[in-house]
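One structure is given below, encoded as structure tokens.
Numbering (my numbering), first residue to last: 153 to 396.
Laid out in structure tokens, this is it:
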């Protein structure tokens, strides 16, 4: 019988702590698939931080580390400089990467550090119970905006793309097979550019948090299409150092 799919070797065969309908687990599985397909498992390093995203450091079957809240990009920069042959993949949530860690995120991009940042945007703080995040949508109710958020969400990739040093900047989704293929293609390009030219890349991945977001797990894909993607368009913003 022909084998058409198997679990990636770069992912441990263990249960995860992610809630049903959350895309962290799916995104991290896709990262593992790409690591296997590029044949870089012996060189790859997964950099986690604080939040639901950080659990991924314990699920990948290659080198990984954790860092303090918001310091993932700074820790990754140091790791890459100390081990330049490593292929460093940073996985951050929106609170970690765009709130407490905004300074580290922007400065790593500004310097053009040779790392690949995966920025998971689920529109709120998930692990702490669903509070306002920099990416919270206008009008959204959270634990800290019970009457609806009166501000506007941060579009981090568009902001990072205004800097000169970043090589590849994109926004992807993973809730359909089509979007999964697009994300894997984008990640392969980002990692290849890191390997070949020492480039900085950021890929935002639109995620869902049904547990704190107020919708059912099975409605997560529809929530992405009808709500989230209307605010955050998919696509590339920089490619090989040029604005798209």
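Cβ coordinates follow ideal geometry from the N, Cα and C atoms, glycine included.
*For the segment 220–234 against the segment 157–166, are there 3 or more C-beta pairs whose distance is under 8 Å?*
no
*Does DSSP put residue 153 in a helix, in a strand, or in coil?*
DSSP, read as helix, strand or coil, puts residue 153 in coil.
_Backbone CA spacing between residue 321 and residue 295 [nearest angstrom]_ = 31 Å
*Are the Cβ atoms of residue 239 and residue 347 separated by less than 8 Å?*
Cβ distance < 8 Å, so residue 239 and residue 347 count as in contact.
*To the nearest angstrom, report how far apart residue 350 and residue 266 are at their CA atoms.*
5 Å
*Separation of residue 334 from residue 237, as counted between CA atoms*: 27 Å
*asked:* If you follow the beta strand (DSSP E) that residue 244 is in, where does it begin and where does it stop?
replied: 239–245
*Who are the Cβ neighbours of residue 297 in its own chain at under 6 Å, not counting the five residues just before and after it?*
In the same chain as residue 297, and ignoring 5 residues on each side of it, the C-beta atoms closer than 6 Å to its own belong to 284, in chain order.
*Between the segment 209–216 and the segment 269–278, do three or more beta carbon pairs fall short of 8 Å?*
They do not touch, by the three-pair rule.
*Could you pull out every residue in the same chain whose Cβ sits closer than 8 Å to the Cβ of residue 251, ignoring the five residues on either side in sequence?*
Around residue 251: 222, 285, 286.
*First and last residue of the alpha helix (DSSP H) that includes residue 330?*
329–349
*asked:* I believe residue 231 touches residue 313 by the beta-carbon criterion, under 8 Å. Please report the beta-carbon distance rounded to the nearest angstrom.
replied: Not really, about 24 Å apart at Cβ, beyond 8 Å.
_I'd like to confirm the pairing. Which residues does DSSP put opposite residue 321 in its beta bridges?_
354, 390
*What distance in whole Å lies between the Cβ atoms of residue 280 and residue 305, which are believed to be in contact at a cut-off of 8 Å?*
Actually they are not in contact, since the Cβ atoms of residue 305 and residue 280 sit about 18 Å apart, beyond 8 Å.
*When the Cα atoms are used, what is the spatial distance from residue 217 to residue 229?*
13 Å
*Does the segment 189–206 touch the segment 375–391, meaning 3 or more C-beta pairs lie closer than 8 Å?*
Judged by pairs of C-beta atoms under 8 Å, the segment 375–391 does not touch the segment 189–206, as fewer than three such pairs exist.
*Limits of the unbroken alpha helix (DSSP H) element including residue 215*: No alpha helix (DSSP H) holds residue 215; the beta strand (DSSP E) holding it covers 215–217.
*Does DSSP classify residue 196 as helix, strand or coil?*
DSSP, reduced to helix, strand and coil, places residue 196 within a strand of the structure shown.
*Alpha-carbon to alpha-carbon, residue 197 and residue 310*: A direct Cα-to-Cα measurement between residue 310 and residue 197 gives close to 26 Å.
*asked:* Between the segment 361–371 and the segment 170–186, can you find at least three pairs of beta-carbon atoms closer than 8 Å?
replied: yes
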